[in-house]
Amino acid sequence: MVYAHEFGHIALGLPDLYSYQIAYKGPADWREAAVYVGPWDLMSRSNERPQIGAWGKVHVGWISPNRVLEILPGQEGRANLEPLEKSTSGTQAILIYLNSSTYFIVENREPIGHDSVLPDEGVLVSYVDESKYWHGNGPVVIQDANPENLSRWQLSHPTFKIGPGAKSEYVNQTYNLIVSLLGKTSDNSYIVDVSTQGRTKTQTQPFATQYQVQLLLVVMAVVVVAASITIANRKRKKRQGYGCASLVREGTRKLR
Ligand SMILES: [Zn+2]
Numbered sequence: 003m004v005y006a007h008e009f010g011h012i013a014l015g016l017p018d019l020y021s022y023q024i025a026y027k028g029p030a031d032w033r034e035a036a037v038y039v040g041p042w043d044l045m046s047r048s049n050e051r052p053q054i055g056a057w058g059k060v061h062v063g064w065i066s067p068n069r070v071l072e073i074l075p076g077q078e079g080r081a082n083l084e085p086l087e088k089s090t091s092g093t094q095a096i097l098i099y100l101n102s103s104t105y106f107i108v109e110n111r112e113p114i115g116h117d118s119v120l121p122d123e124g125v126l127v128s129y130v131d132e133s134k135y136w137h138g139n140g141p142v143v144i145q146d147a148n149p150e151n152l153s154r155w156q157l158s159h160p161t162f163k164i165g166p167g168a169k170s171e172y173v174n175q176t177y178n179l180i181v182s183l184l185g186k187t188s189d190n191s192y193i194v195d196v197s198t199q200g201r202t203k204t205q206t207q208p209f210a211t212q213y214q215v216q217l218l219l220v221v222m223a224v225v226v227v228a229a230s231i232t233i234a235n236r237k238r239k240k241r242q243g244y245g246c247a248s249l250v251r252e253g254t255r256k257l258r
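Numbering (the numbering used here), first residue to last: 3 to 258.
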C-alpha cells in the first residue's frame, strides 16, 4: 500500500498531505504527522490507506469538471453529492471559492470500496490553500465536525451527517459560509445546500431566535444596572440621613 502512496506522487504528481514539520521530528507514532487530514486520504499517513480524497481526484482529473459543483463568492448552490468511491457520472465534489488560491471542498465518504477502512462515514468539509501545495504544509485541512479529546491526527469523527446526535451543518462565520445537509437518499448521496451569505431568507428562524436572545440579554442588563443604582441611592440617602441626625444631635448637645 506504500506503493499506492508513492504512485500518487510519481504518476499523479500529488503532494503529501501530512505535516513535514512534525514528521521530521520523528514522532513516536508515524501517524502523528497526519494533523491535516488524518486517515482520510491515501496521501496522508495512516495504517488504513483509503482512497485519494476529492481534492486529489479533482487535481488529477479523476473527477471531471462537469462533476464538480463550483460556487463563487456570494453564490448559493445545491447538489446531490454522491459517494466519492462510487463509479458515477454524478456530482462528487463541491468547490466553494474564497479567492484565487483558497476554497472549501466538500465530499461524501461512504464505507464502500477503499473507503470501507475509514473510521467513520459522512460528509467531509476541507479548507484548501493551493499556495501550500508542496513541502507538507497542509494544502488540505479537514474541518473537524466533532473535535474530541483525541490528538488531531486521529480525526476519528470529522464528518457531517444526518441523524440523532449528528452534526448536519458546517458554519464558518469568517466567510458567512453554511454547508447544510438536507437529506440522504437511498443510494447514499447527500443533498447538500451551500450558502455564502450567512442565513438566507428561508432560514430566518435561527437568526430571529438569536436576535431575540440578544435583546433579552440587553433588557436584563438594563434591569440589573437600574436596580443596583436604585439600591445604591437608597443606601446613600440612609447614610446621609444618619449623618444629618447625628450632626443635629451634636448641635443640640452643644446648645444645651
Ligand atoms: Zn509521500
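Here a beta-carbon is modelled for each residue, glycine too, at the ideal position from N, C-alpha and C.
These figures come from a predicted structure and were not determined experimentally.
Remark: the shortest separation between the CB of residue 43 and any heavy atom of ligand 1 does not fall under 7 Å. Under the three-state reduction of DSSP output, residue 88 falls in the coil class, being neither helix nor strand. Its Cα nearest to that of residue 167, the residue 147 stands out among 186, 152, 218 and 147. At a cut-off of 7 Å, the beta-carbon of residue 18 counts as near ligand 1: some heavy atom of the ligand is closer than that. Distances from the alpha-carbon of residue 35 to those of 231, 163, 143 and 165 put 143 closest.
Counting only runs of at least 3 residues, the region 40 to 121 fully encloses the following beta strand (DSSP E) elements, listed from N- to C-terminal order: 70 to 73, 78 to 83, 95 to 99 and 104 to 111. If the five residues before and after residue 178 are omitted, its C-beta is found closer than 7 Å to the C-beta atoms of 198, 199 and 200, all from its own chain and listed in chain order. For residue 185, the enclosing beta strand (DSSP E) covers residues 179 to 186. Here the C-alpha atom of residue 110 lies approximately 10 Å from the C-alpha atom of residue 194. The C-beta of residue 41 has 16 or more other C-beta atoms within 10 Å across all chains shown, which makes the residue buried.
Here residue 171 carries a strand assignment [DSSP, helix/strand/coil].
When the five nearest sequence neighbours on each side are left out, the beta carbons in the same chain lying within less than 6 Å of the beta carbon of residue 81 are those of 71, 93, 96 and 194, in order along the chain. The alpha-carbon of residue 5 is positioned some 17 Å away from that of residue 33. In this chain, the alpha helix (DSSP H) harbouring residue 4 covers 4 to 12. Membership of residue 26 in any beta strand (DSSP E) is not indicated; the residue belongs instead to the alpha helix (DSSP H) covering 22 to 26. Nearest C-alpha to residue 86 among 125, 24, 67 and 101: 125. Taking C-beta atoms as the reference points, residue 182 and residue 170 count as a pair closer than 8 Å. Around the beta carbon of residue 31, a 10 Å sphere encloses fewer than 16 other beta carbons of the protein chains shown; the residue is thus reported as exposed. Looking at 51, 114 and 121, the one whose alpha-carbon comes closest to that of residue 158 is 121. Pairing residue 102 with residue 221, the inter-Cα distance amounts to about 45 Å.
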